[in-house]
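Written below as structure tokens is the structure these notes are about.
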Amino acid sequence: MGWFDDDAKPKGPSRLEVARLEVEMMSDMYQKMVDTCFSKCIVNMKEDSLSVGEMSCTDRCAFKYLSSQEAVGNRIKEIEAEMVQQSDKAKQMMGP
Amino acid sequence: MDLNALSEREKLELMEYLDNIQVHDSNRNFCEIVNQCFEKCSYKFKTKNIENKEALCLQNCAAKFTKFNIRMNHRFEEYQRERHSEITEQTKT
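For the record, the sequence lines run as chains B and R.
Following the numbering used here, the numbering of the first sequence begins with 1 at its first residue and continues without gaps.
Following the numbering used here, the numbering of the second sequence begins with 1 at its first residue and continues without gaps.
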């Protein structure tokens, strides 16, 4: 066991850590969604209940936000895959 | 992330973590309500005390935000359920 021991590789996050990080991410995302949609949809403070218009806005905002999150996530994956491809091509061209 | 891949002990740890996160979230939620409602309701600073109009606005805002949050929660869960069933449908075909 020493500095040059090949078995001593960083293990990366455990299954539990990954699950925890995912929970944290969902919680963060949910909070941001609530904050954004509230500031966009609920403007009038003359009553203490949501109006019909505000309720519709809430529903649409939630759906849009969640769909947007998916769209953004997928696009990021696409771009990253393209970048990996480009980097691999460049390495090939440079030769061994 | 397939939660069934976790062991019983790991699931328990995750549940504990969820409980902790809920306390964290409710604190954070409170701060956010205060912030949003202050932004929407208090925009004049003629005096240091809350004026009647502002007080009413804050009351309504707090009530609205709480109801809004509950509605958001339902929509969020709905969406997750729909997506989950869509994904399971896709993996079947």
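Even for Gly, the Cβ is constructed at its ideal location relative to N, Cα and C.
Fair warning: this is a prediction, and the values are worked out from it, not measured in the lab.
Please list the terminal residues of the continuous alpha helix (DSSP H) segment that includes residue i.
i	result
L21/B	R15 to C41
I50/R	I50/R -> no alpha helix (DSSP H), and no H or E assigned at all.
K44/R	No alpha helix (DSSP H) holds K44/R; DSSP gives it neither H nor E.
A74/B	What sits at residue 74/B in the sequence shown is Asn, not Ala. From DSSP, the alpha helix (DSSP H) with N74/B extends over V52 to M94.
Out of curiosity, what's the CA-to-CA distance linking residue i and residue j?
i	j	result
T88/R	L6/R	19 Å
M83/B	R83/R	29 Å
V34/R	R71/R	19 Å
R75/R	C41/R	27 Å
K11/R	G12/B	19 Å
S39/B	F68/R	11 Å
Taking DSSP as the reference, what is the three-state secondary structure of residue i?
i	result
M45/B	coil
S7/R	coil
C11/B	For the record, residue 11/B in the displayed sequence is Lys; it is not Cys. It is coil, neither helix nor strand.
- [ ] Using a Cβ-Cβ cut-off of less than 7 Å, list which residues of the region 55-81 of chain R approach chain B; keep chain order.
- [x] C57, Q59, N60, C61, A63, K64, F65, K67, F68, N69, R71, M72, R75, F76 and Y79
Open item on the list: At a CB distance below 7 Å, what residues from the region 73-96 of chain B approach chain R? Give them in sequence order.
Closed with: none
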